[in-house]
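Worksheet for the structure shown next.
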Amino acid sequence: MASAQQSAARPPGPLAGIRVLDFTQFLSGPYGVQMLGDMGAEIIKVESPAGDLSRTVPPHFIRGDSAYFHTINRNKKSIVVDLKHESAPELIRSLMDQCDIVVENFRPGVLARLGVDREVEMERRPELIWASISGFGQTGPLRDLTAYDMIVQALSGTMSLTGERGGDPVRTGLPIGDLAAGLHAVIGILAALNRRTREGVGDYIDISMLDCLVSMVDYQATYYLESGQVPGPQGSGHDSIPTYRMFQAGDGRAIVTTANTERMWQAMARALGCPELIEDPRFARNADRLRNKEALWSIIEPAFLQHTADEWVELFNEAAIPVGTVNDVASALNSPQVAARNMVIELSDGEGTTVRTVGNPIKMATLPEGRNSFPPALGQDGPAILQSVLGLAETDIAALVASGVVRPPAPVPADAKHKVPASAH
968 MASAQQSAAR
978 PPGPLAGIRV
988 LDFTQFLSGP
998 YGVQMLGDMG
1008 AEIIKVESPA
1018 GDLSRTVPPH
1028 FIRGDSAYFH
1038 TINRNKKSIV
1048 VDLKHESAPE
1058 LIRSLMDQCD
1068 IVVENFRPGV
1078 LARLGVDREV
1088 EMERRPELIW
1098 ASISGFGQTG
1108 PLRDLTAYDM
1118 IVQALSGTMS
1128 LTGERGGDPV
1138 RTGLPIGDLA
1148 AGLHAVIGIL
1158 AALNRRTREG
1168 VGDYIDISML
1178 DCLVSMVDYQ
1188 ATYYLESGQV
1198 PGPQGSGHDS
1208 IPTYRMFQAG
1218 DGRAIVTTAN
1228 TERMWQAMAR
1238 ALGCPELIED
1248 PRFARNADRL
1258 RNKEALWSII
1268 EPAFLQHTAD
1278 EWVELFNEAA
1288 IPVGTVNDVA
1298 SALNSPQVAA
1308 RNMVIELSDG
1318 EGTTVRTVGN
1328 PIKMATLPEG
1338 RNSFPPALGQ
1348 DGPAILQSVL
1358 GLAETDIAAL
1368 VASGVVRPPA
1378 PVPADAKHKV
1388 PASAH
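Start counting the sequence shown at 968; every next residue gets the next number (our numbering).
Okay, here's the thing in structure tokens:
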């Protein structure tokens, strides 16, 4: 198949030789595991007969699967295993024996109830690395509950910090709870790989989405813990630096600037045509500007209306003041900087279907660009995995399929060449 040909042609990455058995679905796990695949690990994605739930997320579909799925499942191979089948535990253990890492995002205890117990498997194979991603982790009073990104954004305090002062809490526009969990899982996995290299034993990584977002509340948490003062919505600025915020330009567009040093503040005052502010005792130091921020904003906000956003970017860059326009997604993805960093990539299945998506932000000297395989169709690599990884003969594979524990590759739908409309690019 095309994917197998592409995989064979891909140059090795820094994780070449590492094999991952991936039970994750939807976003947190697939996002993190994709990074391992981007860096050269072989990913065996184990899916239920219904497939990863993210395959069905509307509104855009490519080759029968959602654009959502295609964003986070490149560089993977898919096999369909009915985990409720009586023969599934034996098959899964056989696959685990050929893998370095297991990643799953079931609720605690689910996989054990299906006959695959982590503690038993890690005792049997001490070198195995196992990462679990869940909403609340393996311990604590909420461990058995289901969680989604918005739930942990709410519980972590993240939503209370997002939005305008005096307004309602706001969910961030990105599923940061899912993405943070995937990233932290990868960090833990890489640390465990290093330990295994050094000591010969694996490790267990327990990732909680809630933990990840609580840690990312960061200095706001420390402020509260040390002062007892509860921080509120941050709006479009910084609660400690009044010139670190968004301003409206004269053309209706917005810019952000981060004048957070005395040199930058003075350069900003001059660029705005307000050099007298430098000598104004109300604004002498950042602490003074913070104390008198409303008065400061009442002066500089009208000054920003003198020029367009692009003109301010040019003026501030000349003055060495960090600045940027507030882009929508289209403007961001079409920017020269994003293009120069290969952060928009095109994946091809080799048979005429392509999808454009975001690339890997990890740039390494040993990680060649353009080494990506198309996200797999449901179960497309099952027979090849059973043959190459387990060494099974065609008759053995046919018997597994006939028993129902393994499902054959799903047929490619009639609209296989369907692409996301150009307006969505």
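No residue lacks a Cβ here, since even glycine has one placed at the ideal position from N, Cα and C.
Three-state secondary structure assigned by DSSP to residue i
i, result
"I1312", "strand"
"I1288", "coil"
"S1099", "strand"
"Y1115", "coil"
"E1053", "coil"
"I1329", "coil"
"E1278", "helix"
"E1193", "helix"
"R1323", "strand"
"V1387", "Here the model assigns V1387 a pLDDT of 49, short of 50, so the residue's position is not dependable, and the following value carries that caveat. Coil."
"V1293", "coil"
"V1305", "helix"
"V1137", "coil"
Buried versus exposed call for residue i [16 or more other C-beta atoms within 10 Å across all chains shown]
i, result
"P1025", "exposed"
"T1189", "exposed"
"P1093", "exposed"
"V1254", "According to the sequence displayed, residue 1254 carries Ala and not Val. Flag for A1254 reads exposed."
"N1393", "Since the first residue shown for the chain is 968 and the last is 1392, residue 1393 is missing from the structure and cannot be characterised."
"E1014", "buried"
"S1127", "buried"
"Y1186", "exposed"
"P1343", "buried"
"L1353", "buried"
"K1051", "exposed"
"D1111", "exposed"
"R1030", "buried"
"L1272", "exposed"
"D1145", "buried"
"E1193", "exposed"
Backbone CA spacing between residue i and residue j [nearest angstrom]
i, j, result
"V1069", "D989", "6 angstroms"
"E1261", "R1132", "13 angstroms"
"M1006", "A1079", "30 angstroms"
"H1205", "T1228", "14 angstroms"
"Q1196", "G1124", "14 angstroms"
"P981", "R1252", "48 angstroms"
"S1321", "S1315", "In the sequence on display, residue 1321 carries Thr and not Ser. When rounded, the distance between both Cα atoms is 4 angstroms."
"L958", "Q1001", "Here the chain comprises residues numbered 968 to 1392, so residue 958 is not present and cannot be evaluated."
"N1309", "A1299", "13 angstroms"
"L1058", "L1081", "12 angstroms"
"R1258", "A1234", "20 angstroms"
"R1237", "N1339", "49 angstroms"
"L1095", "R1220", "53 angstroms"
"P1163", "S1099", "Here residue 1163 turns out to be Arg, not Pro, going by the sequence shown. About 18 angstroms."
"S995", "G1167", "28 angstroms"
"S974", "L1334", "Confidence in S974 is poor, its pLDDT being 44 and thus under 50, which makes the residue's placement unreliable; the coordinate value appears in the next sentence. Spanning the two alpha carbons is a distance of roughly 15 angstroms."
"P1375", "P1328", "35 angstroms"
"A1360", "V1325", "39 angstroms"
"I1240", "S1203", "Per the sequence shown, the amino acid found at residue 1240 is Gly instead of Ile. Approximately 23 angstroms between the Cα atoms of the pair."
"P1378", "D1032", "12 angstroms"
"F993", "D1277", "39 angstroms"
"G1169", "I1039", "26 angstroms"
"Y1115", "S1182", "17 angstroms"
"S970", "P1142", "Summary for S970: the model assigns pLDDT 37, below 50, so the residue's position carries little reliability, and this model does not support an answer."
"L1122", "V1373", "39 angstroms"
"G1104", "P1075", "8 angstroms"
"Y1035", "L1160", "29 angstroms"
"S1054", "L1157", "32 angstroms"
Any C-beta of chain E under 8 angstroms from that of residue i
i, result
"G1346", "Protein chain content of the structure displayed is limited to a single chain, and chain E is not contained in it."
Give a yes or no on contact between the segment 1341-1352 and the segment 1030-1048, applying the rule of three or more CB pairs nearer than 8 angstroms. With a cut-off of 8 angstroms, the segment 1030-1048 and the segment 1341-1352 count as touching, because enough Cβ pairs lie within range.
Please give me, in chain order, every unbroken run of the alpha helix (DSSP H) with length at least 4 that falls completely inside the segment 1019-1044. If we require 4 residues or more, the alpha helix (DSSP H) runs fully inside the segment 1019-1044 come out as 1034-1038.
At what residue ranges does the segment 1197-1224 contain a whole run of the beta strand (DSSP E), taking only runs of 3 or more? Taken in chain order, the complete beta strand (DSSP E) segments of 3 residues or longer contained in the segment 1197-1224 are 1211-1215.
If you pair each beta-carbon of the segment 1134-1151 with each one of the segment 1162-1182, do three or more pairs fall below 8 angstroms? In short, these stretches touch, since the Cβ pair count reaches three.
Runs of beta strand (DSSP E) lying entirely within the segment 1166-1190, each at least 3 residues, in chain order: Within the segment 1166-1190, the complete beta strand (DSSP E) runs of at least 3 residues are 1171-1175.
For the 8 angstroms Cβ check, are there 3 or more pairs between the segment 978-986 and the segment 1052-1070? At 8 angstroms Cβ cutoff, the stretches touch.
Quick check for students: name the residue ranges of the beta strand (DSSP E) that lie wholly in the segment 972-1014, counting only runs of 3 or more. Listed in chain order, they are 986-989 and 1009-1014.
Which runs of the alpha helix (DSSP H), 4 residues or longer, sit entirely within the segment 1343-1383? For the segment 1343-1383, whole alpha helix (DSSP H) runs of length 4 or above, ordered along the chain, are 1349-1355 and 1361-1370.
Does the pairing of the segment 1293-1305 with the segment 1230-1246 give three or more beta-carbon distances under 8 angstroms? Touching, no.
Quick one: complete alpha helix (DSSP H) runs, 4+ long, within the segment 1070-1099? Runs of the alpha helix (DSSP H) inside the segment 1070-1099: 1077-1080 and 1085-1091.
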